[in-house]
Amino acid sequence: MPQLFRILAAITGMLLASGLSAANSPSKSFTLDALSPLASASELTSRLLTPVTQDRIDKFRDKVDFSFKEQTIAVGEEPFELFVPEPDANGKYGVMVFIWPADDIQVPEGWWRVFREEHIIYVASRRSSNVENIFDRRVPLALHGYDYVRSKYAIDAERVYVGGFSGGSRTAQRVAMAYPDVFRGVFLVGGSDSLGGESGFTLPSATLSHLMQRQTRFVFSTGGNDFPNRAKDSRTRKNLEALCMQGIRLVPQNGVEHWVPDGRGFRRVMNELERPVEAAADAAACMASLARHISAQLDVVAEKVEEGKLDDAQRLLARLDAQYGGLAAPRSVELSRTIANKAGLYEVP
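The numbering of the sequence shown is the working numbering, which starts it at 15 and goes up by one.
In structure tokens, the structure reads:
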């Protein structure tokens with residue numbers, strides 16, 4: 015409890031010291047005038063759910079009267095914050111989509127200078143806090159915000175980023191990993207998760223996963239005194255390294271509690287986001303080794319199916335599907351169908 019009070023006091027002090035008053039913000043408000051196809055239910059499920067989960071949903075949808083609502087956000091109802099600086103010498107902009115854990119947190123004063131000098135448009139939903147549903151609201155709102163900016167301004171596609179703080183950081187990680195063809199990097203501060211297990215984080219299709227391995231910048235910048243989340247970040251980085259992600263970067267923020275960097279610290283973050291990924295000498299070997307490991311584990315699943323050990327096969331397959339997602343497909347889906355057919359899982363009364 016004393017630690018909680020210290021963190022709250024630190025955050026309050028920084029808010030007051032930085033003059034983070036909405037009245038002083040150079041940003042403006044807007045609402046959506048169109049919805050992004052990137053945030054449709056069909057697109058979200060194809061990117062955020064594991065291949066086995068997608069396939070089983072499709073199977074049951076074929077048997078029962080069930081469908082997803084394609085869009086969960088309404089035009090003209092959601093408040094967004096937008097800051098547009100001058101464009102760069104080529105008339106283009108970078109983009110930072112940011113996800114906050116609470117709707118009343120204001121952008122640190124020092125960030126605006128970075129946005130101006132680096133010609134980066136800032137956009138954030140103002141109704142996307144930690145209490146909102148991730149799949150129905152937080153992820154779609156981030157995508158709608160990006161697509162609104164893309165439709166109105168000349169965007170440099172190589173300078174599109176997503177970031178977040180605390181629970182917003184974990185949501186930003188989820189967005190970046192599902193849409194590596196849209197976002198070139200992710201700014202993670204005060205929250206991250208490893209793939210697999212209970213986190214719900216997985217890899218998208220093999221094509222998108224390989225793109226992520228080669229070009230996505232994962233910039234971790236949790237406060238130096240935010241020890242629980244620094245420990246989580248360390249585990250996440252090791253997890254991403256094991257998946258052969260080439261763009262893992264750490265930007266320390268010494269003396270900072272559970273809070274975002276100041277302007278100087280944010281500039282260091284942006285420097286790392288802007289720096290392209292250079293493949294390590296062992297990148298190809300890492301990816302080949304990972305592919306062999308996944309294949310060998312799927313061989314074990316197949317053996318257990320042949321032996322009639324369906325429960326064991328299903329448990330192992332579930333772990334592989336959660337951990338490796340699209341990198342284990344389509345074979346993971348084929349094995350799942352075999353198990354389901356043998357176990358009668360597709361039988362609907």
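For each residue, glycine too, the CB sits at the ideal point set by N, CA and C.
C-beta contact flag for residue i and residue j at 8 angstroms
i      : j      : result
VAL274 : PRO122 : yes
THR185 : GLY178 : yes
LEU312 : ALA342 : yes
ARG231 : GLU286 : yes
GLY238 : VAL270 : yes
SER303 : VAL66  : no
TYR175 : ARG198 : yes
VAL203 : THR236 : yes
ALA168 : LYS252 : no
SER43  : GLU92  : no
CYS258 : ALA316 : no
PHE215 : ARG249 : no
SER350 : HIS272 : no
ASP247 : SER208 : no
VAL128 : GLY277 : yes
Length of the line joining the Cα atoms of residue i and residue j
i      : j      : result
ALA310 : GLY279 : 44 angstroms
LEU324 : ILE353 : 6 angstroms
GLN260 : PRO99  : 31 angstroms
ILE87  : ASP161 : 14 angstroms
PRO40  : TRP126 : 8 angstroms
ALA294 : PRO101 : 33 angstroms
ASP72  : GLU348 : 14 angstroms
GLU172 : VAL153 : 21 angstroms
SER213 : ARG333 : 12 angstroms
ALA190 : CYS300 : 22 angstroms
GLY365 : TYR338 : The first residue shown for the chain is 15 and the last is 363, placing residue 365 beyond what the model contains.
GLU292 : ARG75  : 43 angstroms
ARG228 : ALA327 : 32 angstroms
GLY124 : PHE97  : 14 angstroms
SER139 : ASP69  : 32 angstroms
ARG244 : ALA336 : 24 angstroms
VAL319 : ALA48  : 48 angstroms
SER143 : ASN104 : 35 angstroms
Residue closest to residue i, alpha-carbon to alpha-carbon, out of the options
i      : options                           : result
LEU46  : GLY159, GLY322 and THR236         : GLY159
SER183 : TRP114, PRO290, ILE308 and VAL89  : TRP114
LEU331 : ASP72, GLY210 and PRO290          : GLY210
ASP170 : PRO51, ILE134 and HIS307          : ILE134
ARG282 : ARG263, GLU255 and ARG228         : ARG263
SER165 : VAL111, VAL233 and SER50          : SER50
PRO290 : GLU321, THR250 and VAL233         : VAL233
SER56  : PHE82, ALA190 and ASP69           : PHE82
ALA220 : ALA297, ARG244, ALA305 and ALA327 : ALA305
ASP117 : ARG141, ASP240 and GLU95          : ARG141
Strand pairing of residue i, partner residues [DSSP]
i      : result
GLY340 : SER219
LEU49  : DSSP lists no partner for LEU49.
LYS42  : LEU96
TYR193 : Bridge partners of TYR193: none, in fact.
ILE135 : VAL109
ARG263 : VAL233
VAL176 : VAL111 and VAL200
ILE169 : TYR107
Cβ-based neighbour list, residue i, same chain, cut-off 6 angstroms, excluding 5 preceding and 5 following
i      : result
PRO218 : ARG61, ALA192 and GLY340
VAL111 : VAL137, ALA156, GLY159, TYR160 and VAL176
VAL163 : VAL109, ILE135 and VAL137
ARG130 : PRO99
PRO7   : Only positions 15 to 363 of the chain appear in this structure, which leaves residue 7 out of reach.
Contact set for residue i: own chain, Cβ-Cβ below 8 angstroms, skip 5 residues either direction
i      : result
SER369 : The requested residue 369 is not part of the displayed model; the chain covers only 15 to 363.
PRO344 : PRO65
GLU255 : ILE262
ILE148 : THR185 and ARG188
ASN355 : none
ILE308 : LEU334, TYR338, LEU341 and ALA342
THR59  : GLN68, ILE71 and PHE82
Residues near residue i in its chain [Cβ-Cβ closer than 7 angstroms; skip 5 each side]
i      : result
GLU132 : GLY108 and MET284
ASN268 : GLY238
Proximity test, residue i beta-carbon vs the ligand ZN heavy atom, cut-off 7 angstroms
i      : result
ASP325 : Here there are no bound small molecules, and the ligand ZN is not part of this structure.
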